[in-house]
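The working numbering puts the first residue of the sequence shown at 626, with every later residue one more than the last.
Think of the CB as a built atom: it goes at the ideal place given N, C-alpha and C, for glycine as much as any other residue.
Data block below; observations after.
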Amino acid sequence: MKLLITLFLALQCAIGVHANEAAPLAEDPVVEQRLIVIAEELRCLVCQNESLAGSRADLAMDLRREVRTLIKAGKTDAEIKEFLVSRYGDFVLYRPPVKPTTWLLWFGPLLLLIGAVWLLISIIKRNQRQKETPVLDATQRAKAQALLQETDSSK
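What follows is the structure, encoded as structure tokens:
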């Protein structure tokens with residue numbers, strides 16, 4: 626038992642041998658800060674609704690590296706976004722511009738809401754029309770009374 630405990634402790638000490646030094650978080654803090662601001666406005670292309678800044682996907686890391694290179698090359702934020710849009714389309718932007726190709730994206734939810742409200746109102750109106758009780762004339766009322774009396778007397 627002592628041998629197992631000693632072996633376990635020796636293995637625990639050996640784990641640190643394989644550890645690497647942490648990569649520096651930022652060579653240039655100004656570039657990294659600008660990268661974060663830009664990457665928060667961009668969508669990761671392989672993740673479900675995650676920003677480029679928050680994604681750990683390989684493609685997201687490549688895109689951040691590309692954005693970092695463009696920042697170091699002196700490109701403006703607008704030029705960097707334009708470059709990515711030309712490559713990947715408006716989908717890469719969290720807030721795509723309003724233009725004919727993105728109208729469905731911008732106005733689709735509003736159209737669905739309007740359609741749902743219209744459908745709800747039409748169903749309610751139809752149900753109200755069906756719930757109106759018919760007016761009975763004297764003979765129909767007499768028949769109904771007779772049927773009710775027959776039911777009561779049979780109990």
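> Taking DSSP as the reference, what is the three-state secondary structure of L729?
Replying inline: Taking the sequence shown and counting its residues from 1, the one referred to as residue 729 is at position 104. In the structure shown, L729 adopts helical secondary structure according to DSSP, grouped into three states.
**Q.** Minimum C-alpha distance to I696 - residue among A664, A769, W731
**A.** Looking up residue 696 in the sequence shown gives position 71. By alpha-carbon distance to I696, the top candidate from A664, A769, W731 is A664.
Review point. Mind checking whether L667 and L677 have CB atoms under 7 Å apart?
Key: The sequence position of residue 667 within the sequence shown is 42, counting from 1. The sequence position of residue 677 within the sequence shown is 52, counting from 1. Closer than 7 Å, so yes.
Does C669 pass the burial test, meaning 16 or more other C-beta atoms within 10 Å, or should it be called exposed? Numbered from 1 along the sequence shown, position 44 holds the residue referred to as residue 669. Its Cβ being crowded by 16 or more others within 10 Å, C669 is buried.
**Q.** According to DSSP, residues forming a beta bridge with L667
**A.** For the purposes of this step, residue 667 is identified with residue 42 of the sequence shown, where counting begins at 1. Its beta-bridge partners are L718.
| query | If we ignore side chains and look at the alpha-carbon of each, how far apart do Q774 and K768 end up? | reply | On the sequence shown, residue 774 is found 149 positions in, with the first residue counted as 1. On the sequence shown, residue 768 is found 143 positions in, with the first residue counted as 1. One C-alpha to the other measures close to 10 Å.
* **Residue from R720, V760, E657 whose Cα sits closest to the Cα of R689** => The count along the sequence shown starts at 1 and reaches residue 689 at position 64. Selected option, being the one with the closest Cα: E657.
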